[in-house]
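Everything below concerns the one structure shown next.
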């Protein structure tokens, strides 16, 4: 605070705004100032940087340390680790990871069973990689639009608006998890999650139905589409 | 009272009223009307940003085409890939354009040869060279 007032008194801030203001800028709860770049921890991304001769640009920049789940391991997938974080409750990440891994194992078992039961000519159609199934499921549940309430003339209209990539991904993961949680007490979460993932990968299941319902509602409210402003 | 006397009285009263009104009322303006400067006769050194507020409605046509296709195919997205892609591309283009415009406005710096100025850029310029 003393430093700040000193700087203000001497009007240094007014003369060199960009650097100093960036330095003084509040950066949320982060320990690291905003000019610290996020680590590029994946090997492919690093190779790409070297190939495009951009690696030199990052050579002398201060870098934040990688998060605990950011590894250059071949089995690491940023989307799956995000999904694990969405499954997590009360900070119990070990349990969340266990549940998702168990679900993936169940998917693998189910698909292998299907694979061995299938006829020789149909075998290539069956996907046995749980990661691929996961990505397919996320892609299938991704909505194109969403409804936002907008007040016009005292009436709240549900207006269909386009959705950002990030929000669509979040909703798809959320819906898959919600669908898996909607179960009998005797069933376990990993099992229902596995079922939901397999169903969503083949365009079925509760989560895909939820997406289609949303699209139906958007279609019904398409007359209000021009009400949106934000 | 005779009727004639009554009318005469009324008429006299009316004339007096008219004269009084003429005396008390404002003077009729005489040509040429003297000019009075009520507001300063020069432009202000700033512009309002109200006109820059664009409505956020975009991609309505693409959306309606997509809805028509989706309804036709019972909301099966795989059969409307082209329409959906067009709609998403439209929105992406719109949002990137809006973002770049916002960034440019926030900077407020003026690039040589630029034609469209935002209100912030204009205000910054007018602050340096105010209307005298």
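Protein chains in written order, with our numbering: chain C, 23 to 252; chain R, 627 to 758.
All residues carry an ideal CB built from backbone N, CA and C; glycine is no exception.
Computed from a prediction, not measured in an experiment: that's the story for all the values here.
Residues in its own chain within less than 6 Å of residue i by CB, not counting five upstream and five downstream?
i                      : result
residue 170 of chain C : 181, 183
residue 717 of chain R : 685
residue 233 of chain C : 163, 165
Given a cut-off of 7 Å on the beta-carbon distance, is the pair residue i and residue j in contact?
i                      : j                      : result
residue 152 of chain C : residue 126 of chain C : yes
residue 155 of chain C : residue 223 of chain C : yes
residue 162 of chain C : residue 230 of chain C : yes
residue 683 of chain R : residue 248 of chain C : yes
residue 731 of chain R : residue 746 of chain R : yes
Around the Cβ of residue i, are there at least 16 other Cβ atoms within 10 angstroms (buried) or fewer (exposed)?
i                      : result
residue 56 of chain C  : exposed
residue 236 of chain C : buried
residue 707 of chain R : exposed
residue 227 of chain C : buried
residue 658 of chain R : exposed
residue 128 of chain C : buried
residue 133 of chain C : buried
residue 102 of chain C : buried
residue 655 of chain R : exposed
residue 703 of chain R : buried
residue 212 of chain C : buried
residue 94 of chain C  : exposed
residue 160 of chain C : buried
residue 195 of chain C : buried
residue 121 of chain C : buried
Using 7 Å as the limit for Cβ to Cβ distance, is residue i near chain R?
i                      : result
residue 248 of chain C : yes
residue 102 of chain C : no
residue 37 of chain C  : The predicted position of residue 37 of chain C is uncertain, since its pLDDT is 45 and thus under 50; a value taken from the coordinates is nonetheless stated next. Chain R contact via Cβ: absent.
residue 171 of chain C : no
residue 55 of chain C  : no
residue 212 of chain C : no
residue 184 of chain C : yes
Are the C-beta atoms of residue i and some chain C residue less than 7 Å apart?
i                      : result
residue 697 of chain R : yes
residue 686 of chain R : yes
residue 763 of chain R : Outside the shown range of chain R, which is 627 to 758, sits residue 763 of chain R, and nothing can be said about it.
residue 691 of chain R : no
residue 755 of chain R : no
residue 701 of chain R : yes
Which same chain residues end up closer than 8 Å to residue i when comparing Cβ atoms and leaving out the 5 residues on each side of it in sequence?
i                      : result
residue 244 of chain C : 182
Please determine whether the Cβ atom of residue i lies at a distance below 6 Å from any heavy atom of the ligand ZN.
i                     : result
residue 61 of chain C : The ligand ZN is not among the ligands present in this structure, which contains no ligands whatsoever.
For residue i, which residues from the same chain have a beta carbon less than 7 Å from its beta carbon, with the 5 sequence-adjacent residues on both sides left out?
i                      : result
residue 240 of chain C : 167, 169, 182
Original post:
Which residues, in order along the segment 222 to 245 of chain C, keep a beta-carbon less than 8 Å from a beta-carbon of chain R?
Top reply: 225, 234, 237, 238, 240, 241, 244
Original post:
According to a CB-to-CB cut-off of less than 9 Å, which residues of the segment 706 to 726 of chain R neighbour chain C?
Top reply: 710, 713, 714, 716, 717, 718, 720, 721
Subject >> Contacting positions in the segment 151 to 167 of chain C - beta carbon closer than 7 Å to chain R >> reply: 166
Subject >> Interfacial residues, the segment 674 to 685 of chain R to chain C, with Cβ spacing under 7 Å >> reply: 681, 682, 683, 685
Subject >> Under 8 Å (Cβ pairs) to chain R, residues found in the segment 82 to 97 of chain C >> reply: none
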